[in-house]
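Let me begin by presenting the structure, written as structure tokens, before commenting on it.
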Amino acid sequence: MHSAKYGSYTFLDLDWNMVIHQELVQSNEVSSSNAMELEGLKRGLQFFEDNQVEVASLVTDRHRSVAKYQREEEDLNHYYDVWHVAKGVTKKLHQLAIKKTCSEVSARSKSISNHLYWVAASSQDPEEVILAKWLSVANHIMNIHTHDSVHYPKCQHGDLPTTGKRKKWLKPSTEACEKTVDIITNIGLQRDITKLSYHQTSSVEGFHSVVIHFAPKMTHFGYKGMKSRLHLAALHYNENAQRAQSRCKDGRERYSVKFPKHKKGEYTIVQRNLCNQHRICVFMFV
Ligand SMILES: [Zn+2]
122 MHSAKYGSYT FLDLDWNMVI HQELVQSNEV SSSNAMELEG LKRGLQFFED NQVEVASLVT
182 DRHRSVAKYQ REEEDLNHYY DVWHVAKGVT KKLHQLAIKK TCSEVSARSK SISNHLYWVA
242 ASSQDPEEVI LAKWLSVANH IMNIHTHDSV HYPKCQHGDL PTTGKRKKWL KPSTEACEKT
302 VDIITNIGLQ RDITKLSYHQ TSSVEGFHSV VIHFAPKMTH FGYKGMKSRL HLAALHYNEN
362 AQRAQSRCKD GRERYSVKFP KHKKGEYTIV QRNLCNQHRI CVFMFV
């Protein structure tokens with residue numbers, strides 16, 4: 122994540138679900154604020170190399186400079202984090218839905234984002250199948266469930282209820298529909314869809330909210346203050362990451378529904394852990 126002054130880069134081990142390294146880059150250290158993200162990534166990878174830590178695969182967001190680096194460094198197994206990709210698509214759909222003529226798009230944005238997560242979960246499939254699965258949603262939103270593709274000829278959801286409360290389909294040739302299809306079929310997005318990470322990336326979203334808690338975006342901190350807050354967020358996250366999930370009497374795992382502010386009224390499902398009091402570790406940075 123970055124503000125005008127800093128770019129912070131956090132490396133999370135997805136198998137351990139633990140923060141293992143952090144870099145904080147100041148905007149005056151690089152040529153432009155755009156370059157901070159890549160600089161953080163490069164410094165982190167150098168740190169691992171210097172410490173003989175082998176990086177088997179790397180999952181990042183779709184920042185343009187990082188994507189370019191990914192194309193150049195062919196021996197790096199590089200994937201995109203589905204949470205970041207879904208966030209980008211949802212943002213575009215929300216911006217579109219603000220237009221009076223396109224307001225019906227807002228009812229569709231959650232299901233399009235869910236579809237993206239579903240596509241990512243099947244990312245062991247060949248690239249053509251992954252892409253065809255993703256593009257099928259451009260038809261689905263118009264109530265078309267058979268597709269002009271040998272790789273994914275029809276939706277897998279079966280018969281849909283025709284009565285009761287259900288979202289309206291988008292009408293073909295309307296501005297709302299055409300612009301939504303443009304967002305789904307964007308060439309850059311199509312290229313990246315085949316590189317979605319199949320890892321459980323809810324940890325990335327979890328860590329993001331911990332950082333916001335310790336370093337609210339609206340407040341500016343000095344370099345040391347920012348670095349300390351990042352370390353605090355990492356220690357807090359690592360202390361709490363391994364807690365076991367609580368269960369109902371019949372043994373089912375417990376979840377809660379939350380409505381985080383950044384999701385603008387949309388929900389997120391979080392697992393309920395055994396102890397609701399977070400274990401906070403206090404760390405002084407001198
Ligand atoms: Zn369908």
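In our numbering, the protein residues as written are 122 to 407.
Just so you know, even glycine gets a beta-carbon here, dropped at the ideal spot from N, CA and C.
Self-check item: Touch test, the region 186-196 against the region 264-279, Cβ-Cβ under 8 Å, three pairs minimum
Solution: no
Quiz item: Where does residue 306 fall in DSSP's three states?
Solution: coil
Quiz item: How many angstroms separate the CA atom of residue 252 from the CA atom of residue 345?
Solution: 44 Å
Practice problem: Let me know the secondary structure DSSP gives residue 147 once reduced to three states. | Solution: strand
Exercise. May I have the straight-line CA-CA distance separating residue 165 from residue 210, to the nearest angstrom?
Key: 28 Å
Quiz item: Around the C-beta of residue 202, are 16 or more other C-beta atoms found within 10 angstroms, so that it is buried, or is it exposed?
Solution: buried
Self-check item: Among 178, 347, 159 and 170, the one whose alpha carbon lies nearest that of residue 184
Solution: 159
Quiz item: Using a threshold of 7 Å, is the CB atom of residue 298 nearer than that to any non-hydrogen atom of ligand 1?
Solution: no
Practice problem: Examine chain D for any beta-carbon lying closer than 8 Å to the beta-carbon of residue 350, and answer yes or no. | Solution: In the structure shown, chain D cannot be found, because there is only a single protein chain.
Exercise. Would you tell me roughly how many angstroms separate the C-alpha atoms of residue 400 and residue 352, rounded to the nearest one?
Key: For residue 400, the predicted structure reports a pLDDT of 36, less than 50, and the residue's modelled location is therefore unreliable. A value from the coordinates is still provided. Between residue 400 and residue 352, the C-alpha separation is close to 15 Å.
Exercise. Taking only the alpha-carbon atoms, compute the straight-line gap between residue 141 and residue 350 and give it to the nearest angstrom.
Key: 15 Å
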